Amino acid sequence: MLAALAASACDAAAEPNVFAGARLVERSYADLTGWRSDAQAMALAAFRSSCAVMVDTAAARRATGFPADGLVPACAAARRLPPETGDVEARAFFEAHFVPYRVVPQAGDGFLTGYFEPEVQGSLKPSARFATPLLALPDDLVPLGDRDVPAHLAGFTAARRTPDGLAPYHDRAAIEDGALGAQARPLVYLDWIDAFFVHVQGSARVRIGPGAEDVVRVAYAGRNGHPYASLGKLVVAETGIPPEQMTAPALIAWLRANPEAGRRLMRENRSYIFFRRADELDPAEGPLGAGMTQLIPGRSLAVDRTLWPYGLPVWVEAELPEPGSEALRPLRRLFIAQDTGTAIRGPARADIFFGSGPAAGEASGIVRHAPSAFVVLLPKGSLPAGRERKP
């Protein structure tokens with residue numbers, strides 16, 4: 001299915017573009033299976049939402065492998081289009097302003113996973129059922145970002161401010177054991193398993209009462225800077241359960257049946273997420289992505305932020321599992337990079353946002369390491385290296 005995009009042989013005279021260990025091979029839009037049948041007005045709407053914050057948001061403009069500044073002319077053109085722009089006009093816009101490049105990793109294809117915004121029950125006060133807090137960002141946490149990191153903080157992305165200077169921040173186990181003291185400021189309380197998965201997803205709708213107005217939305221505010229470890233992989237290593245069987249529903253069932261072992265393995269993931277209340281968000285739209293726009297189900301993509309800028313259009317071809325079935329369904333769609341994640345690393349690695357609530361959770365939970373063709377649409381004239389000719 002992906003063979004049309006997999007071809008990348010070129011004559012010896014062509015100089016390849018090598019980026020982050022992968023080759024960028026120029027394609028034509030005719031090479032993209034399903035390009036002309038995709039509903040690209042939706043992708044244009046997502047692109048324009050990224051453009052609206054790009055010029056004002058430092059996070060969106062931070063240097064990456066391909067800086068977001070290259071998207072500015074395309075943003076200006078997109079904002080001149082009428083709000084009711086249809087699929088045909090949207091497709092013409094992308095073709096006029098971008099060139100597709102297949103990202104060819106050193107080995108194998110790219111791969112996809114899925115994520116969603118959980119909707120869970122919770123409480124503003126602790127109880128026997130809801131005993132695990134989601135915490136606000138502590139005042140002593142310092143993101144390290146792109147600053148020069150001293151040797152004792154190598155490998156960390158955040159640190160703790162102390163009278164003696166910066167130190168590694170407390171890990172998950174220490175925080176759960178009370179290391180934050182008065183700096184621990186609970187926002188809401190959840191079931192212990194729900195809380196862990198909200199940490200993984202980075203946002204949630206917490207229902208604290210029966211009415212539609214009794215919902216607290218929490219959004220990502222920061223993390224403790226420790227490396228992330230997959231709980232599913234930890235459970236597989238301990239139990240011997242085949243990895244292909246460790247879907248999100250299977251993992252939750254195992255945790256319910258093995259709470260003591262589950263809590264112990266959770267603490268081996270030393271990464272810990274802090275949150276903030278996101279009362280400003282439109283309840284009809286998705287959570288706030290790292291690119292500072294509300295995410296759009298089926299059009300927003302999380303990518304490696306160290307390589308690709310927010311707002312970048314990305315064409316994906318893959319075969320995804322169908323919920324409740326062993327069948328696969330084709331995915332041929334244009335996404336917009338609007339988010340990132342600690343586990344999203346590599347030039348051909350991405351995470352699809354599926355939406356909010358249980359149905360989105362089921363659909364995203366079965367997408368694990370799905371092979372994909374990953375095509376970035378780079379603004380015309382933005383490729384820094386020599387151009388590789390198509391076969």
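With the UniProt record's numbering applied, the sequence shown has no gaps in its numbers, which climb one by one up to 391 at the end.
The C-beta atom is built at its ideal place from N, Cα and C for all residues, glycine as well.
In this text, all values refer to a predicted model and were calculated from it rather than measured experimentally.
Residues that residue i bridges to, as DSSP identifies them
i, result
"residue 443", "Coverage of the chain is limited to positions 1 through 391, which leaves residue 443 absent and any answer about it impossible."
"A159", "V142 and P168"
"S123", "Y189"
"I336", "S300 and P313"
"F374", "V316"
"Y101", "E26 and V376"
"R207", "Q121 and V215"
"Y220", "F275"
"L331", "A318"
"F19", "A22"
"T132", "L190"
Same chain only: Cβ atoms within 7 Å of residue i, ignoring 5 sequence neighbours per side
i, result
"L255", "I193 and G262"
"L153", "L144, A159, L166 and P168"
"G70", "P379 and S382"
"A39", "D87"
"F130", "G122, S123, Y189, L190 and D191"
Cutoff 6 Å; reference residue i; Cβ partners in own chain excluding five residues on either side
i, result
"W315", "L32, L334 and V375"
"L320", "R329, L331, V367 and A370"
"T132", "L190, W192 and A195"
"E89", "none"
"L377", "F98, P100 and P313"
"A184", "L135"
"A58", "For A58, the predicted model reports a pLDDT of 47, less than 50, meaning its position is unreliable; a value from the coordinates is still stated below. Excluding sequence neighbours, A58 sits near nothing in its chain."
CA-to-CA distance, residue j to residue i, given in whole angstroms
i, j, result
"A373", "R102", "7 Å"
"A318", "D282", "31 Å"
"A182", "L251", "33 Å"
"P150", "T306", "20 Å"
"F47", "V206", "29 Å"
"K233", "C75", "40 Å"
"S300", "A30", "23 Å"
"P249", "S364", "11 Å"
"T342", "Y228", "6 Å"
"R349", "D304", "7 Å"
"E326", "D351", "21 Å"
"P138", "A174", "14 Å"
"I208", "E95", "47 Å"
"L141", "G202", "18 Å"
"P347", "F19", "8 Å"
"E260", "L44", "48 Å"
"T340", "A302", "4 Å"
"S49", "T162", "39 Å"
"L265", "P210", "34 Å"
"G122", "Q245", "29 Å"
"E213", "E280", "13 Å"
Cut-off 8 Å between Cβ atoms - residues of its own chain near residue i, not counting five sequence neighbours on either side
i, result
"G34", "E317, P330, R332 and R333"
"P242", "V236"
"F156", "L144, V149, P168, Y169, G225 and H226"
"L176", "Residue 176 is actually Glu in this sequence, not Leu. If we look at E176 and ignore the five residues flanking it on each side, its Cβ neighbours are R267."
"A278", "S203, R217, V218, A219, P287 and L288"
"S127", "Y189"
"residue 407", "Any question about residue 407 goes unanswered here, given that the chain covers just 1 to 391."
"A77", "F93, A96 and H97"
Best match in the options for proximity to residue i [C-alpha to C-alpha]
i, options, result
"residue 457", "G181, L251, P163 and R217", "What the structure shows of the chain is the stretch from 1 to 391, and residue 457 is not part of that stretch, so it cannot be assessed."
"L124", "P186, A278 and E176", "P186"
"R36", "D87, A76 and G70", "D87"
"A52", "M42, K233 and V72", "V72"
"I344", "A96, A41, V25 and L112", "L112"
"G21", "D109, A39, Y29 and A30", "D109"
"A179", "G341, Y272 and K380", "Y272"
"A92", "F130, D140 and A41", "A41"
"A204", "R276, S49, G346 and D164", "R276"
"F197", "L231, F98 and H97", "L231"
"A136", "P379, F130, E280 and A221", "A221"
"A337", "E362, W308, P347 and D279", "W308"
"G291", "D139, G311 and F94", "G311"
"F274", "E260, P323, L134 and D164", "L134"
"G114", "T247, T162 and R161", "T247"
"R270", "V18, E260, R223 and E238", "R223"
"E322", "A302, E362 and P163", "E362"
Neighbour flag for residue i against chain D, beta carbons, 8 Å
i, result
"R332", "The chain inventory of the structure shown lacks chain D, comprising one protein chain alone."
**Prompt:** Using 8 Å as the Cβ pair cut-off and three pairs as the minimum, do the segment 295-311 and the segment 354-361 touch?
**Reply:** Verdict: yes, contact present.
Self-check item: At least three beta-carbon pairs within less than 8 Å, the segment 163-171 to the segment 78-91
Solution: In short, these stretches do not touch, since the Cβ pair count stays below three.
Cβ contact check for the segment 217-235 and the segment 284-291: 3 or more pairs under 8 Å:
Contact holds: three or more Cβ-Cβ distances are below 8 Å.
Next on the checklist: Using a Cβ distance threshold of 8 Å, determine whether the segment 358-365 contacts the segment 115-122, with at least three qualifying pairs required.
Outcome noted: In short, these stretches touch, since the Cβ pair count reaches three.
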